[in-house]
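Everything below concerns the one structure shown next.
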Amino acid sequence: MFRFKSLFYSLSGCFGIIFMLFISSASAFASEKLAPAGSKQGPEIFVQLGHSDQVTSVAFSPDGRHLASGSSDKSVKIWDVDTGREIWTFRLEHIIAFNSMNFSPDGRYLTFAEADSFIRLWDIAIGKELKKFPLAISEKLEKNETMTGTAVAIAFSPDGKSLVVAANIFSHKGEQSYRSKAVINIWNVKTGKLNKIIPVHAEEISNMALSPDGKYAFLGCNEPDNTVRLLGIETGKEIRKFISHSKTVHSVAVSPDGEYVASGSKDKTIVMWHIKSGKKIKTFTNPKRYERFSIAFSPDGKRLIVSGSGRLSEMELWDVSTGQVIATLKDDAISPWSVRFSPDGQHVATSAGGAVALWDISTVAYGSAYHTDQNEAKKYAYSTGKLKTLGGSVYHGSAYFSSSGEKIIMVNQSTLHEFDRFAGTLRGRKKIGKQYEDKRFFEVEDDAYSKGLISVIDSKKNGAIIRTGYRGEEIPNCQTFSPDGRYGIILVFEGDRPTYKIIDIRSKKEVSILENPSGGFILGGTGGSAIFSPDAKYVIGWYSYGSDEYKQYPFVFKLWDVPTGKEIRTFSGHSCYINTAVFTADGGRILSGSMDTTMKLWDVQTGKEVRTFRGHSNVVSIITISPDDKYILSGSWDGTIKLWDFVSGKEVRTFTGHSNQVLSVLFSPDDKYLVSGSYDGTTRLWDISTGKEIAQFISFTDGEWVVITPEGYFNASPNGAKHLNVRVGNNVYSIDNFYEKFFNPVYVASVLQGKKIEAVADIRKGILTPPDVKIIFPEPGKEFSADTVTITISAKDTGGGIDEIRLYHNGKAIGEDTRAVKIVSKGNEAIKTYTVTLVDGLNNFKAVGFSKDRTESNPYELIVKLTVPQKDVSMHILAVGINKYKNPALNLNYAEPDAKGIVDFFRHKDNGLFKNVEIRESYNEQATKETIISKLNQLQNTNPQDAVLIYLAGHGENINDKWYFIPHDLTYPEREDEVKTKGISSDELAGYIKNIKAQKILVLIDACKSGAVLVAFRGFEDRKALSQLSRSTGVHIIAASTKDQFAAEVKELGHGVFTYILLEGLKGKAATEGKAVTVKKLMVYVEEQLPEITKKYKQEAQYPVTHSSGEGMDFPLVIAK
1148 MFRFKSLFYS LSGCFGIIFM LFISSASAFA SEKLAPAGSK QGPEIFVQLG HSDQVTSVAF
1208 SPDGRHLASG SSDKSVKIWD VDTGREIWTF RLEHIIAFNS MNFSPDGRYL TFAEADSFIR
1268 LWDIAIGKEL KKFPLAISEK LEKNETMTGT AVAIAFSPDG KSLVVAANIF SHKGEQSYRS
1328 KAVINIWNVK TGKLNKIIPV HAEEISNMAL SPDGKYAFLG CNEPDNTVRL LGIETGKEIR
1388 KFISHSKTVH SVAVSPDGEY VASGSKDKTI VMWHIKSGKK IKTFTNPKRY ERFSIAFSPD
1448 GKRLIVSGSG RLSEMELWDV STGQVIATLK DDAISPWSVR FSPDGQHVAT SAGGAVALWD
1508 ISTVAYGSAY HTDQNEAKKY AYSTGKLKTL GGSVYHGSAY FSSSGEKIIM VNQSTLHEFD
1568 RFAGTLRGRK KIGKQYEDKR FFEVEDDAYS KGLISVIDSK KNGAIIRTGY RGEEIPNCQT
1628 FSPDGRYGII LVFEGDRPTY KIIDIRSKKE VSILENPSGG FILGGTGGSA IFSPDAKYVI
1688 GWYSYGSDEY KQYPFVFKLW DVPTGKEIRT FSGHSCYINT AVFTADGGRI LSGSMDTTMK
1748 LWDVQTGKEV RTFRGHSNVV SIITISPDDK YILSGSWDGT IKLWDFVSGK EVRTFTGHSN
1808 QVLSVLFSPD DKYLVSGSYD GTTRLWDIST GKEIAQFISF TDGEWVVITP EGYFNASPNG
1868 AKHLNVRVGN NVYSIDNFYE KFFNPVYVAS VLQGKKIEAV ADIRKGILTP PDVKIIFPEP
1928 GKEFSADTVT ITISAKDTGG GIDEIRLYHN GKAIGEDTRA VKIVSKGNEA IKTYTVTLVD
1988 GLNNFKAVGF SKDRTESNPY ELIVKLTVPQ KDVSMHILAV GINKYKNPAL NLNYAEPDAK
2048 GIVDFFRHKD NGLFKNVEIR ESYNEQATKE TIISKLNQLQ NTNPQDAVLI YLAGHGENIN
2108 DKWYFIPHDL TYPEREDEVK TKGISSDELA GYIKNIKAQK ILVLIDACKS GAVLVAFRGF
2168 EDRKALSQLS RSTGVHIIAA STKDQFAAEV KELGHGVFTY ILLEGLKGKA ATEGKAVTVK
2228 KLMVYVEEQL PEITKKYKQE AQYPVTHSSG EGMDFPLVIA K
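Numbering (my numbering), first residue to last: 1148 to 2268.
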């Protein structure tokens, strides 16, 4: 029986680095048990943030479904490979060690090393840490000697029962590291007991690989050793050394058959060895000659993937048998730290800056065909090695209310995002010119920017403009401003000595220089709070880390007199760094927030501490005091917001919901609500009286957005919902999968307006999981010479039932006519077969399934190819315009001429896109429900390659989330029963559109409200119904829904506003790049022009309903001349 010493160090930001040594017994972790499998958890909605710093380690799960990544941002993330979505984020106290991550053989557990000398074991099914294993050595320490350790590699034994850890142990005397030693620890995963310590006869190692049977460990050694050492796990003895490299061996990999080991070195070579004989088989060299940092064998052992430093943007794929490069995978973001093959050999994952690059290399072949011409090999790899990046796509920043309280504004480093607080929609973005050192202040290029006007905004005063200037005019680069914008503080250097000057902003003259004997204090802080007092007579600041005074008084701040610059007094009492501070409204007191998790209230005149506020469990990051000095809001790194009574110092309530640091928190102008911004990517609106969250406002980097309530109801831009994740157990979906039940703009707007509305569903209470859907025939990549093919889909019930199986062909949903569809049930599996007609070239198929509660599955996609001569393309137009109704009270002025205007445009436009333009029209008394349906059915005879345009102009109604077009013979639209029987519903339209064979379909709708009573949320109701019509069919929709005829008509334009804008766009104004006007370009043009022109002529902006579900193909409508 031996004794061993377990090691770790912990970092305390306030007390320096403390190295600790514990004597542990082998049963230290025996009391901990693995969590039971299948633990149930409710759905959790979260924003996908990605990593914020360098990814240093990646690993695939054994089944290839999941990918783990570790980063210098002190987090580990688990990703769904198929969807590219985050499943879990494990937040750490320390950074993760390079290449130190692996899954257990059953895929249930993930292990990785932190830089605190501990190995972590996490259960990824429930997202919890189960155990931590300390690094251990068997030697005695000398007097005054301490030790730290870093794991360089971790691997499970093949049976998953043991954990093999290779590490470097460093011993210290004082602050000096004077010796190092490499060891292997072997731990029992279930009991937590240390089974064995194997000393390595090398000072430092850089990497380890286990043999497939788990009996041997191969260790790459650092300089001056430069060898690969082979050790027996059972005996602990060194078997042999592989000697060839002249510098550090960065990486080792063992072939899947256990016959060979490969090593990559700082000497810019890769060497392959025969393990049993110890002989060198070959040396891989390349004229590029850069360090070989990370290498891995493909699962079949025939290929080797290599990344290296020096040329960070490339990876090389090598043929093992010939020792030649097959292909180069290139992307500017690639970094060399870690590279892995997927278990099926179809993908390669590598670190790519703050993201993970996932390459599809399924079509990058190996063999002599690519060895004769390396340029062709690389070209082939570039075109077929598809790159998918796993990362975040969300803005995060501080948030505030507009001065009127009608907008919620989120500010990040480059953009200001304006949300309509009561409608729940993003109304616009403005470019931020710059942010100042105190990030509370920034410049915005406002509506008058075209004239050169720039405003300096104070975000902590709900967007108050403290200064305006003109582009080109010199605006001092101040550290911070006084609240009235009169003064600013600038930093200048006299040699290496920093000097802070207070200047008058208008005159740019110096007012005073702040006394700074040591040059040590710094104004501002990570909280970005105000430095000037409200009357601008005083300014506060605290010490920077490097000064002599900081070492003596590290946790104090000081008060200076603005007119003279003289130091008045020092405030001392915090036990850690000061992070933020703010004056009370009367300027008589200062409230400071610290990394010691407390806030302190100080008297300005005496410098004495008045009160301490305790309650947060982490750094206090931001503080706001109400204008009447009665309440305090504080935000913390613990993700909470707290409301305090200023007078008593008592905590009133806590606002919980953020999953990351709180960046900002502000009272609304009426003091009834608060808004908060966080690193979790959300801006949240809260009710102060109840502490409840009202809604989240989220803006994404691609221009999309989502507003969502705690119950899960949301409003979103056409493709915004795809960015927001919903985790259910260990599966992750987008909120888009819940579109049918939870997309509800009316509910969101009602909640934001304070209306009482009952939530019919609540996503937090659970959902019925969707079926697992897969296309089982044909195989991906198959080529056909005949245009008719059978598509077979399998849907397996995962517990939520199977309500529907849906197939999209090039984005267009395929209809449900009985001739083409067959369904066969087999226990919990349903098989559905479609007969479809292919288009020439590539054909993309996507299958989805729905559970009984209409939760949509993640899609399964494949591509096949039809190799036949290209077919002619025709355009088919169905135009319906109703000026004259059977009931004259419903008559309109522009519906008929608008429809005819669209028809005439295409009838007389010969641009070579379409061989034929076939037109079907119905106007006035001809436009009955029967006639319109008959003409819709005629469109079933189109060909898949054709384009279809459907234009409907007339009255529209909305009943219970369904939109209805009102035909000529519907006389009383205020009667729901008549509308339901004689109107054409969005569901009916969807059915007819699905049966149209053409895949390129655009639906244009110009509809007025027909009933006498106007609903409160006109436009929101239509948005839900029409968006669902687009999603369910895979077609494009552009619609204008107005409250009455007056809102739709402008006599000067000669058309209704909507059709006027459509025609202007088609004539060429929508062709932003090139001459082609495509559907999506036309959408963008209408979205920009409709609100602008309606505001110009009608004093009220009208916003269109546009929806391209992401499925429908973009296609050209016209070539502008």
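Even for Gly, the Cβ is constructed at its ideal location relative to N, Cα and C. Source: prediction; values computed, not measured.
Look at the stretch 2103-2140 and you find these whole runs of alpha helix (DSSP H), each 4 residues long or longer: 2123-2129.
Comparing C-alpha distances from residue 1634 to each of 1640, 1659 and 1895 shows the shortest one belongs to 1659. Residue 1268 and residue 1278 do touch by the CB rule: their CB atoms are close to 4 Å apart, below 8 Å.
DSSP places residue 2044 in the uninterrupted alpha helix (DSSP H) bounded by 2042-2054. The beta carbons of residue 1335 and residue 1314 sit about 17 Å from each other, so the pair does not count as a contact at 8 Å.
Take residue 1306, set aside five residues on each side of it, and the residues of its chain with a beta-carbon closer than 8 Å to its own are 1252 and 1361, in chain order. Taking the Cα positions, residue 2180 is about 33 Å away from residue 1225. Look at residue 1406 here: in three-state DSSP terms it is coil, with no helix or strand label.
Non-local C-beta neighbours of residue 1741 in its own chain, meaning closer than 8 Å and more than five positions away in sequence, comprise 1702, 1721, 1722, 1723, 1724, 1725, 1726, 1747, 1766 and 1767, ordered along the chain. According to the DSSP assignment, residue 1892 belongs to the alpha helix (DSSP H) that extends over 1892-1899. Per DSSP, the unbroken beta strand (DSSP E) holding residue 1923 starts and ends at 1919-1924. Annotated as distal: residue 1383 and residue 1410, with beta-carbon spacing of 8 Å or more.
Per DSSP, residue 2090 lies in no alpha helix (DSSP H) segment and is marked neither H nor E. In this structure, residue 2101 lies near residue 2027, with their beta-carbon atoms less than 8 Å apart.
Note that the C-beta distance between residue 2020 and residue 2092 is below 8 Å.
Per the coordinates, the alpha-carbon of residue 1901 lies some 11 Å from the alpha-carbon of residue 1820.
For the 8 Å CB-CB criterion, residue 1213 and residue 1227 form a contact. Contact between residue 1896 and residue 1570 holds, with the beta-carbon distance rounding to 5 Å and staying under 8 Å. At a cut-off of 3 residues, the continuous stretches assigned as beta strand (DSSP E) that sit fully inside the stretch 1554-1581 are 1554-1558 and 1562-1567. With fewer than 16 neighbouring CB atoms inside 10 Å of its own CB, residue 1421 falls in the exposed class.
CA-CA distance, residue 1773 to residue 1835, rounds to 12 Å. If you draw a straight line from the Cα of residue 1431 to the Cα of residue 1466, it is about 10 Å long. For residue 2211, the uninterrupted alpha helix (DSSP H) segment begins and ends at 2204-2211. Selection 1939, 1838, 1811 and 1389 evaluated against residue 1427 yields 1389 as nearest (Cα-Cα).
Contact check for residue 2002 and residue 1871: beta-carbon distance about 15 Å, past the 8 Å limit, so the pair fails to qualify. Secondary structure note for residue 1760: its beta strand (DSSP E) is the uninterrupted segment 1756-1760. By the criterion of a C-beta distance shorter than 7 Å, residue 1352 is surrounded in its chain by 1299, 1313, 1315, 1329, 1366, 1367, 1368 and 1369, once the five residues flanking it on both sides are discounted. In the structure shown, the three-state DSSP call for residue 2083 is helix. Residue 1958 and residue 2182 have their C-alpha atoms roughly 8 Å apart.
Nearest C-alpha to residue 2071 among 2108, 2030 and 2049: 2030. It is roughly 36 Å from the alpha-carbon of residue 1718 to the alpha-carbon of residue 1552. A residue is called buried once 16 or more other Cβ atoms fall within 10 Å of its Cβ, and residue 2035, having fewer, is exposed. Going by DSSP, residue 1886 is part of the alpha helix (DSSP H) stretching over 1886-1889. Here the alpha carbons of residue 1822 and residue 1755 stand approximately 32 Å from one another. Annotation: the continuous beta strand (DSSP E) that includes residue 1779 extends over 1778-1783. The beta carbon of residue 1489 is closer than 6 Å to those of 1207 and 1211 in its chain, skipping five residues each way along the sequence.
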